[in-house]
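> When we follow UniProt numbering, the leftmost residue of the sequence shown carries the number 1, and every step to the right adds one.
By construction, the Cβ of each residue, glycine as well, lies at the ideal position given by its N, Cα and C atoms.
One structure, pasted below without further comment.
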Amino acid sequence: QINGIKTAIGRVVASAVVGGTLSKITGGKFANGASSAAFAKALGETRSHYRNQASAKVNRSKVLELSSMTGESASLFDGKVEVAEWGALAGDVSGDDLATVKGSLDDIFASEGGKEIIEKLSAKSPLKILLNNIGENFGRLNGRIMTVDLNTNLSFYNLASEIMPLTRFSLTRIIAHEMGHAVMGIADTNNSNVLFTDKIMSEINGTQRQQYSNACTINSQGSCI
Numbered sequence: 001q002i003n004g005i006k007t008a009i010g011r012v013v014a015s016a017v018v019g020g021t022l023s024k025i026t027g028g029k030f031a032n033g034a035s036s037a038a039f040a041k042a043l044g045e046t047r048s049h050y051r052n053q054a055s056a057k058v059n060r061s062k063v064l065e066l067s068s069m070t071g072e073s074a075s076l077f078d079g080k081v082e083v084a085e086w087g088a089l090a091g092d093v094s095g096d097d098l099a100t101v102k103g104s105l106d107d108i109f110a111s112e113g114g115k116e117i118i119e120k121l122s123a124k125s126p127l128k129i130l131l132n133n134i135g136e137n138f139g140r141l142n143g144r145i146m147t148v149d150l151n152t153n154l155s156f157y158n159l160a161s162e163i164m165p166l167t168r169f170s171l172t173r174i175i176a177h178e179m180g181h182a183v184m185g186i187a188d189t190n191n192s193n194v195l196f197t198d199k200i201m202s203e204i205n206g207t208q209r210q211q212y213s214n215a216c217t218i219n220s221q222g223s224c225i
């Protein structure tokens, strides 16, 4: 095991490391055939679960179903983005939370993929971001509305690195992914939105997820489940 990882992907990563078969990744693909085949098998074991999860998400956004439960919106980027807190007791979005979101958006909009996103927004047709504390990250397809939890506990194997370290999803990656849905209308089918997000993140921190099924939650013991 690696950090107590028990997922199919984790088992393959562990065996690859121990067996010495892990090789350098070139162009987003494994240079070593054995590693590539092993990862393909591992991703295959979990792909159906995550595909079903993605499909189920379409009509299961508690936050967006109750999107009127927000405090006063704060505007960013000349009104192209509105940010608000969500919840029964939601107040005005705090200065710290607004600065955190803006920091991620600054990085995203400076990338080539991010420029495509902001070009589709205007003060008359802005993107609304609702901040929740129930662990939900969701973008309504072409709806220009999305929600994120600033304290999301999700990780993935960074496939841009030779050792494929388990890496926490940054808020920037999460926001970019949900904007891919909400603004660009990109679905999770065939990893399309993951790859769109990877394109953005390649200019920010260089991380690569590549597969929708490449995700897990870290428990209190540091294990990937």
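1) Work out the CA separation of Cys-224 and Glu-82 for me, nearest whole Å.
2) Suppose you measure from the CA of Gly-206 to the CA of Arg-168; what does that come to, to the nearest Å?
3) Assign Cys-216 to one of two classes, buried (16 or more other C-beta atoms within 10 Å of its C-beta) or exposed (fewer than that).
4) Scan the segment 150-187 and note each continuous beta strand (DSSP E) run of 3 residues or more that stays entirely inside, going in chain order.
5) Check for me: the beta strand (DSSP E) holding Ser-75 runs from which residue to which?
6) Tell me whether the segment 176-196 and the segment 93-102 touch, counting them as touching only if at least three CB pairs, one residue from each stretch, are closer than 8 Å.
7) Can you check the segment 61-120 for any beta strand (DSSP E) of at least 3 residues that lies completely inside it and give the ranges in chain order?
8) According to DSSP, which residues form a beta bridge with Ile-204?
9) Going by beta-carbon coordinates alone, are Leu-105 and Leu-76 separated by less than 8 Å?
10) Quick check: the Cα distance between Pro-165 and Gln-221, rounded to an integer number of angstroms?
11) Grouping DSSP H, G and I as helix and E and B as strand, with all else coil, what is Cys-216?
12) Can you give me the C-alpha to C-alpha distance between Gly-139 and Asp-92, rounded to a whole angstrom?
13) Which class does Lys-124 belong to by DSSP, given the choice of helix, strand or coil?
14) Ordered along the chain, which non-local residues of its own chain (more than five positions away) have a Cβ less than 6 Å from that of Tyr-212?
15) Alpha carbon to alpha carbon, how far is Ala-176 from Ser-122? Give it in angstroms, no decimals.
16) Whole angstroms is fine: what's the gap from Ile-145's alpha carbon to Leu-159's?
17) I'd like to know whether the C-beta of Ser-223 is nearer than 8 Å to at least one C-beta of chain D.
In this structure, then:
1) 34 Å
2) 13 Å
3) buried
4) 155-157 and 166-168
5) 74-76
6) no
7) 74-76 and 81-85
8) Answer is none; Ile-204 lacks a bridge partner.
9) yes
10) 17 Å
11) strand
12) 21 Å
13) coil
14) Tyr-50, Asp-188, Asn-191 and Val-194
15) 18 Å
16) 30 Å
17) Absence of chain D from the displayed structure is noted, only one protein chain being present.
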